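Comments concern the structure below.
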Amino acid sequence: MSLNKAQKEAVSHKEGPCLVLAGPGSGKTLTIAKRIEYLIKVYKVRPEEILVITFTKYAAGEMRDRFQYVMEGRRLPVTFGTFHGIFYGILKWAYKLDRSNILSEEEKNQLLKEILKQMDWEQTEKSQEADFLQELSEEIGNVGNNAVDIEFYESRRFPKDKFRELYRIYETEKKKYRKLDFEDMLIWCRKLFLERPDLLAKWQEKYHYVLVDEFQDINQVQYDVIRMLAAPENNLFIVGDDDQSIYGFRGAKPGIMKDFMQDYPKAKRILLDINYRSNAHIVKGALRVIGHNKDRYEKKIQPFREAQETVHVQETLDPLDESKYILKEIQKYMKKGVDFKQMAVLYRTGEDARVLAETFTQYQIPFSMKERIHHLYEHFVCTDMNCYFRLAVGTYDRGDFLEIANRPKRYLSRGCMEETPVTYESLRRFYCDKEWMQDRIDQLEWDMKMIRTKTPYAAIQYIRKSIGYDEFLKEYALGHQMEYSELKEIMDELQERTKEFQTLPEWLAHVEEYKHTLQMQRQQRGNGTGDGVTCLTMHGAKGLEYEVVFVIESNEGVTPYKKAGTPEELEEERRLFYVAMTRAKKKLFITYVKEKNGKSKTPSRFIDELLVTV
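Numbering (my numbering), first residue to last: 129 to 742.
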């Protein structure tokens, strides 16, 4: 465990503020662990006076384990914890709180659903409810994390006045039941320290040395509390990389890291300038990309590993072609002795992994998804198509009839489908006195006969154009305040996906197999198990490393994301791409598609930045 020159300088820093810029693979965890050891052994600091803060329980546990290893198994009373855990401990002590005062995620979602109902806030389909609530929750968190008055908060995701009203109701309900959410722990702690200097002094006396990991992910409220806690000695040792600040949507501000040197003009700044993880080609390529960001600390990083395999950029026709290319490369590396677990596929959002996951399922490649993805077949338009298909092949399931009876409008009531199974004859009997309804039932039966022998692709085309499903979607979008283009895109993607299948039963069997595979994935995640090629978002890949990495669908509108409009948002997208690139140790593949759902696509600007050398 020998240290390089920069690591030694960081470890031996004695007193006062210190900023350690620690890039990917620079050994920051070891540096922090050795720093704590140095404080105790050399500077004779009492272990209980040291506070180490990071962002996740996993990271805090990893840091504690590394420190214990450095100390040869000795257990010392150094405090390791997350921001929320530490701040909750302070509030618990000050206000005599217990776990019943904490608003769980489940309770929070239930409360938000009740408020939305109370406000008559029209939502999207049930299948998209979880995403909607998560976005709403993040937006509420942003208000608190940045200490913004709701009167002046400008929401970029939701109607301004509507969101402000929801926020006020949410805050009122929490107070009524004496509940705190995660953001409140930070806000209340800041308020406590500002209003009660006597209590602040007690905690300042307790912790004389404060170390913060992943400092680039900090928000304004967290920074305010940390500054107060570290005063007046200001033994504040922060470690992070502004180039890896990727949580702006949670309120993280990379600018805080830049401001640190202004807030503490006498602070020491140290750059951990060796990347021990990635081969030289990957390090240099990633630096070329991130170098296009303006608001950052300039860094010269040296690769420890020699230049081995180059970064490979691959053009593919479409997502299906892309997934098959990745499949072949994975099989090649498997034959070379690289284990499935040492390979990863990274994507911008879960939606970008849908074709890949299906291809892996189809060709029986084991894979593990670290995050839940909302697969295409959960969407109501896909459910509708599969209901049509099952009716066409003659299942006569009541649920299928109920789903598509009035998509498009046929004026069929629930009452006409009480019999089990539902048949066209039972429908005719129910409407025996209405000739115009008999015609509609005849038409439905005829349509099902028409699509029975078609390929899934042709069947969807018939449902969209001849039956009139596209027109139904336009009306649906209008009634639910949605963009028709979003629904059309789902429809196009589904239709494109069916091209490889020749019969409706073959397609339906594939869908069931895929659903079963994803269900198994979810169970494995819940059990903490899971094997195979790792598939995860760029955000989810933060802090991880693999021998071989594939960054897929590197196209404009995907990375950078289509909603990133401001210069600050574009810089965050570039940082996210940089994080993705620097997960690779040995080989990095970057792929992009020429077209998707029949539309032409442009390679990401980040590919140009990677390939163009000055």
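Ideal Cβ placement from N, Cα and C applies to all residues, glycine included. Being a predicted model, the structure only gives us computed values, none of them experimental.
Judged by DSSP in its simplified three-state form, A605 adopts helix.
Straight across, the Cα-Cα distance linking A605 with Q344 is about 40 angstroms. Nearest neighbour of L400 by Cα position, chosen from N347, K156 and C560, turns out to be K156. Annotated three-state conformation of Q135 is helix, per DSSP. In this structure, D371 lies near I418, with their beta-carbon atoms less than 9 angstroms apart. Here Y216 carries a helix assignment [DSSP, helix/strand/coil].
For H336, the three-state secondary structure derived from DSSP is coil. Distance from the CA of E190 to the CA of R202, rounded to the nearest whole angstrom, comes to 16 angstroms.
Nearest Cα to A150 within the set K562, Y539, V509 and Q430: Q430. Around the Cβ of T551, a 10 Å sphere holds fewer than 16 other Cβ atoms; the residue is exposed. Here the stretch 627-641 lies against the stretch 581-597, with 3 or more beta-carbon pairs under 8 angstroms apart. Here Y197 carries a helix assignment [DSSP, helix/strand/coil].
Assigned with DSSP and collapsed to three states, A161 falls in helix.
Rounded to whole angstroms, the Cβ separation of R292 and E267 is 11 angstroms, and the two are not in contact under 8 angstroms. Within the DSSP secondary-structure output, C510 pairs in no beta bridge.
Runs of the beta strand (DSSP E) lying entirely within the stretch 443-518, each at least 3 residues long, are 471-475 and 495-497 in chain order.
In this structure, the beta-carbon distance from E342 to F208 does not fall below 9 angstroms. Membership of C663 in the beta strand (DSSP E) is indicated by the continuous run V661 to T665. Going by DSSP, A712 is part of the beta strand (DSSP E) stretching over A712 to V721. Check the Cα spacing between I718 and each of G726, E700, E737 and N273: the tightest is with E737.
DSSP places V411 inside the alpha helix (DSSP H), whose first and last residues are A408 to I418. Within the model, the alpha-carbon separation for N725 versus D567 is close to 36 angstroms.
The beta carbon of P145 sits closer than 7 angstroms to those of N362, L364, Y392 and A395, all from its chain and outside the five residues before and after it, given in chain order. Secondary structure in the stretch 328-399: the alpha helix (DSSP H) runs of 4 residues or longer, each lying completely within the stretch, are 348-358 and 382-391 in chain order.
DSSP, reduced to helix, strand and coil, places Q630 outside both helices and strands of the structure shown, so it counts as coil.
R535 is not a Cβ neighbour of Y590, given a cutoff of 9 angstroms. Judged by beta-carbon spacing, V661 lies within the 9 angstroms limit of F495, meaning their Cβ atoms are closer than that value. Cβ-Cβ distances below 7 angstroms link E499 to G478, L664, T665 and G668 in the same chain, with the five nearest sequence neighbours on each side left out; the list follows chain order.
Where C317 is concerned, the enclosing alpha helix (DSSP H) starts and stops at F310 to E323. By the neighbour-count definition (other C-beta atoms within 10 Å, threshold 16), V170 is an exposed residue. Rounded to whole angstroms, I278 and V271 show a C-alpha spacing of 7 angstroms.
Between L739 and I410, the CB-CB gap reaches or exceeds 9 angstroms. Within 10 angstroms of the beta-carbon of A358 lie 16 or more other beta-carbons, which makes it buried. About 5 angstroms separates the Cβ atoms of K713 and R405, confirming a contact at the 8 angstroms cut-off.
If you compare the alpha carbons of L308, I493 and Y375 with that of L219, the shortest gap goes to L308.
Residue range E257 to N273 is occupied by the alpha helix (DSSP H) that includes V271.
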